[in-house]
Every structure is written in C-alpha cells, then in structure tokens.
Amino acid sequence: MRRGWSIVNRCILCKENEESADHILIHCGKAREFWTLQLSIFWVLWVFPASVRNLLFEWKIKGLGKKRCAVWRMAPICLFWCIWGE
1 MRRGWSIVNR CILCKENEES ADHILIHCGK AREFWTLQLS IFWVLWVFPA SVRNLLFEWK
61 IKGLGKKRCA VWRMAPICLF WCIWGE
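So this is what it looks like as structure tokens:
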C-alpha cells in the first residue's frame with residue numbers, strides 16, 4: 001500500500017489467481033492454452049510441474065530428429081518470451 005493506493009496482486013492474464021512467475025508462465029488458463037497448442041504439434045501429453053525451474057529440467061524427449069529436437073529445446077523459452085511480453 002502506497003499513499004492510499006491498494007495494489008491488487010492478481011494475474012494480469014486471467015485476473016483470478018495471485019501473480020507469480022510460475023502461475024503466469026505455466027498455470028494460468030490463458031498460458032495453458034498456448035502450452036496445449038504447442039504440445040499438440042509434437043503429439044505429446046504433458047503433466048506440468050509446479051515450477052518453471054522443474055519444467056525446464058524435465059523438458060526432454062527422445063526419438064526426435066535433429067531439427068525437431070532443436071525446435072523442442074527452444075519451445076519453452078520462446079513460449080515464455082511471448083507470454084511474458086503480454
């Protein structure tokens with residue numbers, strides 16, 4: 001609270017939950033739509049971890065070609081960049 005103003009700690013995308021990096025980048029409903037779209041391109045079903053750090057540690061898949069593997073490794077970073085820009 002500053003000079004009579006009350007700042008609400010809400011997610012700017014869904015306006016439902018508290019704003020945190022983990023919520024905005026992974027758990028927010030709007031971000032989840034982007035994740036679902038991105039994962040469907042690779043035909044992957046994914047259970048999301050609780051934090052961004054764990055997501056990056058677990059972001060591995062076997063059996064992809066060289067080009068698809070490079071795209072797979074860059075996918076979360078690109079998605080984070082797009083969501084954070086909003």
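Sequential numbering of the sequence shown, starting at 1, is according to full-length UniProt numbering.
Don't be surprised by glycine CBs; every beta carbon is placed ideally from N, CA and C.
Return the first residue and the last residue of the alpha helix (DSSP H) that residue i is part of.
i   : result
A70 : K66 to G85
Can you tell me whether DSSP reads residue i as helix, strand or coil?
i   : result
N54 : helix
W46 : coil
E33 : helix
I24 : helix
I12 : coil
I61 : coil
Within a Cβ cutoff of 7 Å, which residues of the same chain sit near residue i, ignoring the five residues on either side of it in sequence?
i   : result
I26 : F48, V52 and L55
W72 : F42, I61 and L64
K30 : L13 and C14
W46 : L39
Leaving out five residues on either side along the sequence, give the residues of the same chain with a beta carbon under 8 Å from the beta carbon of residue i.
i   : result
F34 : L79, C82 and I83
### Query
Does the stretch 6-26 come close enough to the stretch 59-75 to have 3 or more Cβ pairs within less than 8 Å?
no
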